[in-house]
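Chemist: What follows is a structure written as structure tokens; I'll ask about it next.
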Ligand code: DC
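Numbering (the working numbering), first residue to last: 23 to 248.
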């Protein structure tokens, strides 16, 4: 029998981490958790409720009122995130949330709140989780750690295609600026900044297909499953 493992996938914004994580989870029949969706949902709650990002007391009390869970969506064949029982999977991808989420994700209390839930989800292993601090903070003991990278312009063009499906007025310049801003915030913040774990394997997908990327990662995963 093969052993269940934890697969931690980290990297910059719009590198295709979620696509890879989802494909691996489907193939291995593992749980897939998009941790970015958790930070985005918290950001959405803060924006809706006008929580100031520097008001520690309001942040703590807001976090007490936030319940997050994932539910499988048979139509899209992926899990949607629910914020207090409301499906917010589409709303959290809008620019209004994208432009504020890095600030929210840099708040220590927010990270403690999200990380505790992520660690609980991995208790039985058999999980693929993607984010920025999964291999360094959430699961430093993960059997497989991937650090996914891609050329910034290629990433911006990929994200543009996704966003234009929802809002045709979005331009490449807007997307590139948002990605640059998030990369900088994510990698320079004080609490659990994005960084490659010492034992992570780097996967640069600038010039390979999704299928090739998947095959490389799957081979690495199978090697670790015994
Ligand atoms: O992966 P994403 O673009 O949906 O992530 C949204 C934001 O959340 C991004 O700015 C980085 C932050 N994030 C984080 O700080 N830690 C994680 N584990 C996942 C996401």
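All residues carry an ideal CB built from backbone N, CA and C; glycine is no exception.
For residue 189 and residue 118, I'd like the C-alpha separation in whole angstroms.
Modeler: Their backbone Cα atoms lie some 12 Å apart in a straight line.
Chemist: Can you grab the Cα-Cα spacing for the pair residue 67 / residue 142, in whole Å?
Modeler: Cα-Cα distance, rounded: 22 Å.
Chemist: Can you tell me whether DSSP reads residue 98 as helix, strand or coil?
Modeler: The answer is coil: DSSP assigns residue 98 none of H, G, I, E or B.
Chemist: Since I believe residue 34 is in contact with residue 155 (beta carbons under 8 Å), could you give me their beta-carbon distance rounded to a whole number of angstroms?
Modeler: Not really, about 13 Å apart at Cβ, beyond 8 Å.
Chemist: Name the two residues that bound the continuous beta strand (DSSP E) containing residue 58.
Modeler: Premise fails: residue 58 lies in the alpha helix (DSSP H), 57-70, not in any beta strand (DSSP E).
Chemist: Taking the alpha-carbon positions, what's the residue 61 to residue 107 distance?
Modeler: Answer to the nearest angstrom: the Cα atoms are 16 Å apart.
Chemist: Please report the residue range of the alpha helix (DSSP H) in which residue 48 lies.
Modeler: Looking at the DSSP string, the run of the alpha helix (DSSP H) that includes residue 48 is 39-50.
Chemist: Does any heavy atom of ligand 1 sit closer than 7 Å to the C-beta of residue 188?
Modeler: The answer is no for residue 188.
Chemist: Put residue 87 into one of helix, strand or coil per three-state DSSP.
Modeler: Here residue 87 sits in coil by DSSP.
Chemist: Using the rule of at least 16 other Cβ atoms within 10 Å of the residue's Cβ for burial, across every protein chain shown, is residue 170 buried or exposed?
Modeler: That one is buried.
Chemist: In terms of alpha-carbon separation, which member of 168, 104, 148, 150 lies closest to residue 216?
Modeler: Nearest C-alpha to residue 216: 168.
Chemist: Should residue 236 go down as buried or exposed, given a rule of 16 or more other Cβ atoms within 10 Å for buried?
Modeler: Under this definition residue 236 is a buried residue.
Chemist: Does any heavy atom of ligand 1 sit closer than 7 Å to the C-beta of residue 144?
Modeler: Every heavy atom of ligand 1 is 7 Å or more from the Cβ of residue 144, so no.
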